[in-house]
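For the sequence shown, our numbering begins at 1354 and goes up steadily by one.
Where a beta carbon is used, it is the ideal one built from N, C-alpha and C, also for glycine.
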Amino acid sequence: MPALTLREVLALDTVRAAEPRLLAGEGTLDRPVRWVHSSEVYEGANFLDGGELLLTNGFGLTGTDEETRRRYVRELAARGAAGLAVEVGRSLPRMPDEVTDEARRLDLPLLALHRVVPFVRITEAANRAIVARGLSGRSVVRPWSDDHTAALLADLADGQALNQPEVEARAALAGFLPGEGARLVGVSVHGARDAGVADRAVRRLGGSGVLRAVFPGDVLALTALPGTRTGSTRDPVRAVQDAFRAVAGPRLTVAVGHAVAAGSGWLRWSETLRTARTTLELALTVPPAGPPAAEGPPGPLVTSSRALALERELTRGGVDANRDRLARLVQHTLGPLLAWEAAHPSDLVRTLEVHLRHGCSPTRTAALLHIGRQSLYQRLDRIESLLDLEIDDPDLLGELLTALCAHRIVRGVRAASGGLRTVA
């Protein structure tokens, strides 16, 4: 579908209400408009990427000389602006002749707006029309390109170059309007055939909305939790995990990102979605650190970026880029223990990690491993003998946990041929 043109933007009711008069660029009205911005900063051209219609009240053009005004127009044209619309009658009594002359010379559409209409109304109407036309400023060929919600989530999760007005307009088009003080949490679900699990979780949370879409094999969602009163101890990440545990079906894998403020900007929205997606990749590939689940009907696996924080740090930049480093770390720290376990089937490696992750508490470790305390003590003695160290030495805790985590990553990636999968 063709992009919205400057001619079509000028036909919008809110733009017509400003009584625009075209002073230059009569033959270029069919050029596409990627976005509509407003700026009173004289150096506004530096913030343009190309294809934008720039609105200004002309304040930056007052008190400047002729050459400065001409240079302003030249810079806009050089940046590929779709046009310049200047409000005349308040800050700028009339359009300067040199601005009109330079715009005509460069064939840059120049509009004089003769009635005051709040720019926010113009940008909102124009950008909504652009989004409705299916234009996001990029030529993205995807199977979900006609689904505005899916396209927005994919752009955010892929870290596409966006801007805040665009994200807000596209989110509003999808009906996603998180209230003031809302907290947003990204969620990635594997194994779901539809987005119903996200809807049920948000209802259980009493959330203020959700952006969710189904991708091949996965559901990606950005959940909004209403703002809490000052002093509230509610943990949004834990709340989202509990909600999905309650509503997710068996054999689903759910990964929850970190919480961000709704008003913190689109980069933070992107970060929580990307974190959730990376966490899901790890949850599906790397064996869990804890003991196997108790017998019973299979339930969903619900984890979070905080639970897999060490795994995410060790694989930052990709597994392939870190594989040799992780293997060396494992061999240096755990070599004798792994050699013993290869020759004598046992559960020493997992025992060590469970013990360290639970504060070196014999009672808690034995209960989680479903063994007696005496059996646990025998295992710990064997581990200390093989590694020639004392397990409860606080200086060794970080090194041992890191090596144990690296061992699970290497083992999991080796089992999953091709390395980590790609979600959405």
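- Query: Near W1388, which residues of its chain fall below 8 Å by C-beta distance, leaving aside the five closest residues on each side in sequence?
  - Reply: Mapped onto the sequence shown, residue 1388 falls at position 35. Excluding residues within five positions, the ones whose Cβ falls inside 8 Å are G1404, E1405, L1406, N1480, I1483, G1490, N1516, P1518, E1519.
- Task: Assign A1431 to buried or exposed, taking buried as 16 or more other Cβ atoms, counted over all protein chains shown, within 10 Å of its Cβ.
- Result: Indexing the sequence shown from 1 puts residue 1431 at position 78. With fewer than 16 Cβ atoms within 10 Å of its Cβ, A1431 is classed as exposed.
- Message: Please state the DSSP three-state secondary structure of G1562.
- Response: Translated into positions along the sequence shown, residue 1562 becomes position 209. If DSSP states are grouped into helix, strand and coil, G1562 belongs with the strands.
- Task: For P1603, count neighbouring C-beta atoms within 10 Å of its own C-beta (all shown protein chains included) and say buried if the count is 16 or more, exposed if not.
- Result: As a first step, residue 1603 must be located in the sequence shown, where it is residue number 250. With fewer than 16 Cβ atoms within 10 Å of its Cβ, P1603 is classed as exposed.
- Task: Would you tell me roughly how many angstroms separate the C-alpha atoms of V1590 and A1692, rounded to the nearest one?
- Result: Within the sequence shown, the letter at position 237 stands for residue 1590. Within the sequence shown, the letter at position 339 stands for residue 1692. Between V1590 and A1692, the C-alpha separation is close to 39 Å.
- Task: Determine the direct distance from the alpha carbon of D1383 to that of E1440, and round the result to whole angstroms.
- Result: The residue you call residue 1440 lines up with position 87 of the sequence shown. The residue you call residue 1383 lines up with position 30 of the sequence shown. Whole-angstrom Cα-Cα distance: 22 Å.
- Message: Can you give me the C-alpha to C-alpha distance between A1616 and A1599, rounded to a whole angstrom?
- Response: Here residue 1616 corresponds to residue number 263 of the sequence shown, with the count starting at 1. Here residue 1599 corresponds to residue number 246 of the sequence shown, with the count starting at 1. The sequence given here has Gly at residue 1616, not Ala. One C-alpha to the other measures close to 29 Å.
- Where does R1467 fall in DSSP's three states? As a first step, residue 1467 is located in the sequence shown; it is residue number 114 there, counting from the start. Note that residue 1467 corresponds to His in the displayed sequence, not to Arg. Coil, per DSSP.
- Where in the region 1691-1761 do unbroken runs of the alpha helix (DSSP H), each at least 4 residues long, occur, reported from the N-terminal end onward? 1701-1710, 1715-1722, 1726-1740
- Task: Determine the direct distance from the alpha carbon of R1360 to that of E1419, and round the result to whole angstroms.
- Result: Mapped onto the sequence shown, residue 1419 falls at position 66. Mapped onto the sequence shown, residue 1360 falls at position 7. Each residue's Cα considered, the two are about 29 Å apart.
- Task: Return the chain-ordered list of same chain residues with a C-beta closer than 6 Å to the C-beta of R1553, the five sequence neighbours on each side being excluded.
- Result: Counting from one through the sequence shown, the residue named residue 1553 turns up at place 200. Around R1553: V1600.
- Query: Span of the beta strand (DSSP E) holding A1614?
  - Reply: The sequence position of residue 1614 within the sequence shown is 261, counting from 1. Per DSSP, A1614 belongs to the beta strand (DSSP E) from 1606-1614.
- Item | Runs of beta strand (DSSP E) wholly within the region 1648-1684 (minimum 3 residues, chain order) | 1654-1657
- Range covered by the alpha helix (DSSP H) that runs through E1440: Stepping through the sequence shown from its first residue, residue 1440 is reached at position 87. Counting along the chain, E1440 falls outside any alpha helix (DSSP H), though it belongs to the beta strand (DSSP E) covering 1436-1440.
- In this structure, does DSSP put R1627 in helix, strand or coil? The residue you call residue 1627 lines up with position 274 of the sequence shown. The answer is helix: DSSP assigns R1627 an H, G or I state.
- Please report the residue range of the beta strand (DSSP E) in which E1405 lies. For the purposes of this step, residue 1405 is identified with residue 52 of the sequence shown, where counting begins at 1. Start and end: 1405-1409.
- Considering only C-alpha positions, which residue in the set S1714, D1402, E1666 is nearest to H1390? Start at 1 with the first residue of the sequence shown, and residue 1390 comes out as number 37. Residue D1402 is the option with its Cα nearest to H1390.
- Task: Return the residue from the list D1547, L1679, A1629 that minimises the CA-CA distance to R1659.
- Result: To locate residue 1659, count along the sequence shown from 1; it is residue 306. Comparing Cα-Cα distances from R1659 to each of D1547, L1679, A1629, the minimum goes to A1629.
- Message: V1452 and R1424 - do their beta-carbons sit closer together than 8 Å?
- Response: The residue you call residue 1424 lines up with position 71 of the sequence shown. The residue you call residue 1452 lines up with position 99 of the sequence shown. No; because the gap between Cβ atoms is not below 8 Å, this pair is not in contact.
- Message: Here's a check: name, in chain order, each residue in its chain whose Cβ is nearer than 6 Å to the Cβ of A1612, leaving out the five neighbours to either side.
- Response: What you label residue 1612 is simply residue 259 of the sequence shown in a count that begins at 1. Only R1536, V1538, P1589, V1590 meet the Cβ criterion.
- Measuring CB to CB, does L1461 end up less than 8 Å from A1377? In the sequence shown, the residue the question calls residue 1461 occupies position 108. In the sequence shown, the residue the question calls residue 1377 occupies position 24. For L1461 and A1377, yes; Cβs fall inside 8 Å.
- Task: Compute the Euclidean distance between the alpha carbons of L1729 and T1718, then round it to the nearest angstrom.
- Result: Residue numbering aside, residue 1729 sits at position 376 when the sequence shown is read from its first letter. Residue numbering aside, residue 1718 sits at position 365 when the sequence shown is read from its first letter. Going by the C-alpha atoms only, they are around 8 Å apart.
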